[in-house]
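Engineer: Pasting a structure below so you can have a look.
Number of protein chains: 4
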Amino acid sequence: MENKRRTPIQERARATVEVLLEATAQILVELGYARLSTNRVARRAGVSVGTLYQYFPNKDALVEALAHRVSEGQAEVIITQLQQTHDQSLEVAIRGLIQGIIASKRVEPELAAALASEVPRNGRLDLEQATLRRVCDVASAALRRRSDIRPVDPELASFALVHSIFAVIQRALQARPELIDDDDLGEILAEMCIRYLSPDPGGS
Amino acid sequence: MENKRRTPIQERARATVEVLLEATAQILVELGYARLSTNRVARRAGVSVGTLYQYFPNKDALVEALAHRVSEGQAEVIITQLQQTHDQSLEVAIRGLIQGIIASKRVEPELAAALASEVPRNGRLDLEQATLRRVCDVASAALRRRSDIRPVDPELASFALVHSIFAVIQRALQARPELIDDDDLGEILAEMCIRYLSPDPGGS
Amino acid sequence: MENKRRTPIQERARATVEVLLEATAQILVELGYARLSTNRVARRAGVSVGTLYQYFPNKDALVEALAHRVSEGQAEVIITQLQQTHDQSLEVAIRGLIQGIIASKRVEPELAAALASEVPRNGRLDLEQATLRRVCDVASAALRRRSDIRPVDPELASFALVHSIFAVIQRALQARPELIDDDDLGEILAEMCIRYLSPDPGGS
Amino acid sequence: MENKRRTPIQERARATVEVLLEATAQILVELGYARLSTNRVARRAGVSVGTLYQYFPNKDALVEALAHRVSEGQAEVIITQLQQTHDQSLEVAIRGLIQGIIASKRVEPELAAALASEVPRNGRLDLEQATLRRVCDVASAALRRRSDIRPVDPELASFALVHSIFAVIQRALQARPELIDDDDLGEILAEMCIRYLSPDPGGS
DNA sequence: CATGAATGAGTGTTCATTCAT
DNA sequence: GATGAATGAACACTCATTCAT
């Protein structure tokens, strides 16, 4: 359609997009989603509103682009890590993953927090929705490949475990950051996963 | 006898508050938080804006009251249930609790969804924040009282388990409701908790 | 629906509506439709934009209300006059009507001109559309009642004659006002109608 | 020979103008005057805004050129036809002219409708203004040359008749197209003109 | 000559809140 | 107490136009 926004062609344009997203991030952190306005973003970016609208069709596109970028970054790390677990023991793999997830949440933590707690999660703006789906898929594949676990439905198990890990870490970072810092929570999550997946002892 | 005089007024006030919250709920479900306005709520409630402002100091007070009410309702059920688990086996207790949580999420699911996904979770409006804290506390106490589980830090364990359960159910309801309907997910969550808490076999 | 605007209840409100329409008329005449904006109207009316939006859902509603009012006024005069022609001779009736139409166009001529020439005639904003339809209907009925005219299809004839009269007068007022002032054009229109309607002389 | 050099450039310029006007026409029909913007026209034309501004100094110049072209086209046909009526009987001439006008209105009817109903008719953008003036002039001359009509002021008579015909056809096309298709209205208009112009029977 | 990025005043519209009645 | 008219800052978004490349 005619209402799609220009895609940057010139170098200058790409820089403008960058500066707009940076301004969006700052405002999101400082003032929150409710006080994020296109005019404010443009002003902070040192650019006119009109320019903003050349690249983003509306306010939420700005947030979406930012969320997408942050999410992609986090997902990429986790997924890469997940794909390298096949030659690790279950315990090592899981502990490594959980540390990785915690680490990834500590990059730009304020932005991540703002995105997670301010932005409405309806439709396209849900940063977790898409990311977690991808992580679940990869985790599911990783589970399927392992022979050192008891038989479980890989899809359901990864849904439950992945969402549990992310949610607990997320909540802890918001409400009880000391639990994360002391690494107690990471250990508990690891145990939870390991115990869930470990084969039952004894048996024929 | 003389306060009988005032009762009808208080009655009327309560009715007004009721009708305002009901209107808020409807609009939240139909139009979302972003399009919820005090004028709209008042109109829908068949009351003037001025009256609204006599009972709620601002827009968010309305939402907060609603969220509080819904949260309280859900928490009450879970907490009551938790307090009755002391004479049940671990497995029965946990399966019962998870069923209860799922059931509680199915009451006014649209309102719950709207509150969870539209309303910003900053500060006072975070319905889960407070609720989950209370549930964790009660769960923690319940864990402490049990002798049929392996030794775990009750506070940390309840934090991890409670948040895991709520988050997984929440996400599933949004993204994969069929998993809930088939009860597969409930079973997995139950297993996860039971395995985490069950004493290790063998040993002295 | 919920988005209908308030209908004035208090006296104050009616006065506000009045002052808004008056401001709209002034701006339409002075600056034209293109430069008519809700903020400008509100400022000119000495009222806040918000107040404007309490009574008019959007910019065009303002213009529509004005056009409706002007049109109604003009139509009423013509229609009343038309209904009183049954006991007049054809010639007297027609000359009277044409004078009436010319006179009606001279009330608030600037406003009428602005409405006619600036306002897009799409859909609801077409002031002539509805008005002329009503005039045609009444003219049609009047023709049907007359016995001193040759047989014509009353509906088609009134369509052609009414539109001819209005259009010619309209155009003349815009482009050649002197023709109207000298009354030459009125006479020609009258002749045109009379000759069209007069019975053919002689014949069996 | 040396200007052959420049021809390709002029050719290209003409092609650009062409493509711009075509885009303007399309957008006018599809989106209306209000949503016609120079950027949109340029995009639709596959040309940059800058290029547009090399050929048209502003937005309305675009519309004006288009209106001019359409008007000219229609006027040319009518005027040519008018100039060929001197050896036709009054009746044949008038019926032919009216058919011609109706036919001319059916070429690019959507564009004509958009121009007529969307574009403000102030000053330079009034497509009818200039066209009708020219048609009136030629019609006036044609009347003057005829000897088979009763004595009328040729200028006034053509003003009245030409505007009547155009207006009635215009309105009918908008509001009652079936009247045109059935040719009933053409016949009534013809009769109206013929009766107005025919010499009075009898008399010395 | 052509491009397209940039401009910024301006538009229509919403909404939390106040206050005279 | 209740009403509803009024407020006006703020918002998302558009568009004619300019100009460095």
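Residue numbers (our numbering), protein chains in the order written: chain U, 1 to 204; chain R, 1001 to 1204; chain E, 2001 to 2204; chain A, 3001 to 3204.
Using N, Cα and C, we set each Cβ at its ideal position, and we do this for glycine too.
1. Count the other CB atoms within 10 Å of the CB of E:Gln-2083; is the residue buried (16 or more) or exposed (fewer)?
2. If we ignore side chains and look at the alpha-carbon of each, how far apart do R:Val-1168 and U:Ala-160 end up?
3. Select from A:Ala-3130, A:Asp-3148 and A:Arg-3106 the residue whose C-alpha is nearest the C-alpha of A:Ser-3071.
4. Drop a sphere of 10 angstroms on the beta-carbon of U:His-86, count the other beta-carbons inside from all chains shown, and report buried for 16 or more, exposed for fewer.
5. Please check if any C-beta of chain A sits within less than 9 Å of the C-beta of E:Gln-2099.
6. Once you ignore the five residues that flank U:Leu-179 on each side, which residues in its own chain have a CB closer than 7 Å to its CB?
7. If we define contact as Cβ-Cβ less than 9 Å, is E:Tyr-2196 a contact residue for chain A?
8. State yes or no: is the C-beta of A:Phe-3166 within less than 9 Å of the C-beta of A:Leu-3132?
9. In the region 3012 to 3046 of chain A, which residues sit with their C-beta less than 8 Å from some C-beta in chain E, listed in chain order?
10. What would DSSP say about U:Phe-166, mapped onto helix, strand or coil?
11. Use the C-beta contact count for U:Asp-183: other C-beta atoms within 10 angstroms, 16 or more gives buried, fewer gives exposed.
12. Between the C-alpha atoms of A:Glu-3011 and A:Arg-3040, what's the straight-line distance to the nearest angstrom?
13. When the distance is taken between beta carbons, is A:Pro-3120 closer than 9 Å to E:Val-2092?
14. Output needed for E:Ala-2075: all residues of its chain with C-beta closer than 7 Å, excluding positions within five of it in sequence on either side, in chain order.
15. Let me confirm a value: U:Ile-188 is counted as buried when at least 16 other C-beta atoms fall within 10 Å, else exposed. Which label applies?
16. Give the residues of chain U in contact with R:Val-1168, contact being defined as C-beta atoms less than 8 Å apart.
17. Report, in whole angstroms, the separation of the C-beta atoms of E:Ala-2065 and E:Leu-2021, which I expect to be a contact under 8 Å.
18. If we call anything under 9 Å between Cβ atoms a contact, is U:Leu-52 one with U:Ala-114?
19. Run through DSSP, which three-state label would R:Arg-1040 get?
20. Can you pull the chain R residues whose beta carbon is under 8 Å from the beta carbon of U:Leu-185, in chain order?
21. Within 9 Å (strictly less), CB to CB, does A:Glu-3002 reach chain E?
22. Quick one: Cα of R:Ala-1015 to Cα of A:Gln-3174, how far?
23. Using 8 Å for Cβ pairs, my map puts U:Val-77 next to U:Gly-96. What's the rounded Cβ distance?
24. Starting from U:Asn-122, find everything on chain R with Cβ-Cβ shorter than 8 Å and list it in chain order.
25. For chain R, is any of its Cβ atoms less than 9 Å away from the one on U:Gly-173?
26. Can you tell me where the alpha helix (DSSP H) holding R:His-1068 begins and where it ends?
27. Using a Cβ-Cβ distance under 9 Å, would A:Asp-3181 count as near chain E?
28. For E:Ala-2015, name the three-state secondary structure that DSSP assigns.
29. I need the boundaries of the alpha helix (DSSP H) containing E:Gln-2099, first residue and last residue.
30. Expressed to the nearest angstrom, what Euclidean distance is found between the alpha-carbon atoms of E:Glu-2191 and A:Ser-3140?
31. If you compare alpha carbons, which of R:Asp-1200, R:Glu-1030, R:Arg-1195 and R:Val-1019 is closest to R:Ala-1112?
32. Tell me the rounded alpha-carbon separation between A:Ala-3142 and E:Val-2047.
33. Using 9 Å as the limit for Cβ to Cβ distance, is U:Asp-126 near chain R?
34. Verify the CB distance criterion: does R:Glu-976 have a CB-CB separation below 9 Å to chain U?
35. Anything in the region 72 to 104 of chain U with a Cβ closer than 8 Å to a Cβ of chain R? List those residues in chain order, please.
36. When the cut-off is 9 Å and only beta carbons count, does A:Ile-3149 lie next to chain E?
Structural biologist: In brief:
1. Stepping through the third sequence from its first residue, residue 2083 of chain E is reached at position 83. Around the beta carbon of E:Gln-2083, fewer than 16 other beta carbons lie within 10 angstroms, which makes this residue exposed.
2. Indexing the second sequence from 1 puts residue 1168 of chain R at position 168. Indexing the first sequence from 1 puts residue 160 of chain U at position 160. Taking the straight line from one Cα to the other gives about 6 Å.
3. Your numbering for residue 3071 of chain A matches position 71 in the fourth sequence. By alpha-carbon distance to A:Ser-3071, the top candidate from A:Ala-3130, A:Asp-3148 and A:Arg-3106 is A:Ala-3130.
4. Position 86 of the first sequence, counted from the start, is the residue given in the question as residue 86 of chain U. Exposed is the call here.
5. One-based indexing of the third sequence puts residue 2099 of chain E at position 99. Answer no: the Cβ-Cβ gap between E:Gln-2099 and chain A never drops below 9 Å.
6. The residue you call residue 179 of chain U lines up with position 179 of the first sequence. Excluding positions up to five away in sequence, the list reads Ala-172 and Leu-185.
7. The residue labelled residue 2196 of chain E in the question sits at position 196 within the third sequence. It does; some Cβ of chain A falls within 9 Å.
8. The residue you call residue 3166 of chain A lines up with position 166 of the fourth sequence. The residue you call residue 3132 of chain A lines up with position 132 of the fourth sequence. Yes, they are a contact pair.
9. Gly-3032, Tyr-3033 and Ala-3034
10. In the first sequence, counting from the first residue as 1, residue 166 of chain U sits at position 166. Three-state result, U:Phe-166: helix.
11. On the first sequence, position 183 is the one that residue 183 of chain U refers to. By the neighbour-count criterion, in which 16 or more other beta carbons inside 10 Å mark a residue as buried, U:Asp-183 falls on the exposed side.
12. Translated into the one-based positions of the fourth sequence, residue 3011 of chain A becomes position 11. Translated into the one-based positions of the fourth sequence, residue 3040 of chain A becomes position 40. One C-alpha to the other measures close to 24 Å.
13. Stepping through the third sequence from its first residue, residue 2092 of chain E is reached at position 92. Stepping through the fourth sequence from its first residue, residue 3120 of chain A is reached at position 120. Taking 9 Å as the cut-off, the Cβ atoms of E:Val-2092 and A:Pro-3120 do not count as close.
14. Within the third sequence, the letter at position 75 stands for residue 2075 of chain E. Thr-2131, Arg-2134 and Val-2135.
15. By one-based count along the first sequence, residue 188 of chain U stands at place 188. By the 10 Å Cβ count, U:Ile-188 comes out buried.
16. Your numbering for residue 1168 of chain R matches position 168 in the second sequence. Going along chain U in sequence order, the residues near R:Val-1168 (Cβ under 8 Å) are Phe-159, Ala-160, His-163, Ser-164 and Ala-167.
17. Against the third sequence, residue 2065 of chain E aligns to sequence position 65. Against the third sequence, residue 2021 of chain E aligns to sequence position 21. At roughly 6 Å, the Cβ-Cβ gap stays under 8 Å, so E:Ala-2065 and E:Leu-2021 are in contact.
18. Translated into the one-based positions of the first sequence, residue 52 of chain U becomes position 52. Translated into the one-based positions of the first sequence, residue 114 of chain U becomes position 114. If you check the CB distance, U:Leu-52 and U:Ala-114 do not come in under 9 Å.
19. Position 40 of the second sequence holds residue 1040 of chain R. DSSP places R:Arg-1040 in helix when its eight states are reduced to three.
20. Residue 185 of chain U sits at position 185 when you count from the first residue of the first sequence. Correct list: Leu-1156, Phe-1159 and Ala-1160.
21. Here residue 3002 of chain A refers to the residue found at position 2 when the fourth sequence is read from its first residue. Per-residue confidence for A:Glu-3002 stands at a pLDDT of 40, beneath the threshold of 50, marking its modelled position as unreliable; the derived number appears in the next sentence. Not one chain E Cβ lies under 9 Å of A:Glu-3002.
22. In the second sequence, counting from the first residue as 1, residue 1015 of chain R sits at position 15. In the fourth sequence, counting from the first residue as 1, residue 3174 of chain A sits at position 174. Distance between the alpha carbons of R:Ala-1015 and A:Gln-3174 is about 55 Å.
23. For the purposes of this step, residue 77 of chain U is identified with residue 77 of the first sequence, where counting begins at 1. For the purposes of this step, residue 96 of chain U is identified with residue 96 of the first sequence, where counting begins at 1. That pair is no contact at about 12 Å.
24. The residue labelled residue 122 of chain U in the question sits at position 122 within the first sequence. Under the 8 Å cutoff, chain R gives Gly-1032, Ser-1117 and Glu-1118.
25. Start at 1 with the first residue of the first sequence, and residue 173 of chain U comes out as number 173. This sequence places Leu at residue 173 of chain U; Gly is not what is there. No, no contact with chain R.
26. Within the second sequence, residue 1068 of chain R is the residue found at index 68, counting from 1. Run containing R:His-1068: 1059 to 1083, per the alpha helix (DSSP H) assignment.
27. Position 181 of the fourth sequence, counted from the start, is the residue given in the question as residue 3181 of chain A. Closer than 9 Å to the CB of A:Asp-3181 there is not a single CB belonging to chain E.
28. Translated into positions along the third sequence, residue 2015 of chain E becomes position 15. Correct three-state label for E:Ala-2015: helix.
29. Position 99 of the third sequence, counted from the first residue, corresponds to residue 2099 of chain E. Here the alpha helix (DSSP H) through E:Gln-2099 covers 2090 to 2106.
30. Counting from 1 along the third sequence, the entry for residue 2191 of chain E is found at position 191. Counting from 1 along the fourth sequence, the entry for residue 3140 of chain A is found at position 140. Answer to the nearest angstrom: the Cα atoms are 18 Å apart.
31. Translated into the one-based positions of the second sequence, residue 1112 of chain R becomes position 112. The shortest Cα separation from R:Ala-1112 among R:Asp-1200, R:Glu-1030, R:Arg-1195 and R:Val-1019 belongs to R:Glu-1030.
32. Locating residue 3142 of chain A in the fourth sequence gives position 142, where the first residue counts as 1. Locating residue 2047 of chain E in the third sequence gives position 47, where the first residue counts as 1. Their backbone Cα atoms lie some 57 Å apart in a straight line.
33. The sequence position of residue 126 of chain U within the first sequence is 126, counting from 1. Yes - at least one Cβ of chain R is within 9 Å of the one on U:Asp-126.
34. Within the shown structure, residues of chain R are numbered from 1001 to 1204, placing residue 976 of chain R beyond reach of any answer.
35. none
36. For the purposes of this step, residue 3149 of chain A is identified with residue 149 of the fourth sequence, where counting begins at 1. A:Ile-3149 has a beta carbon lying at 9 Å or more from every beta carbon in chain E.
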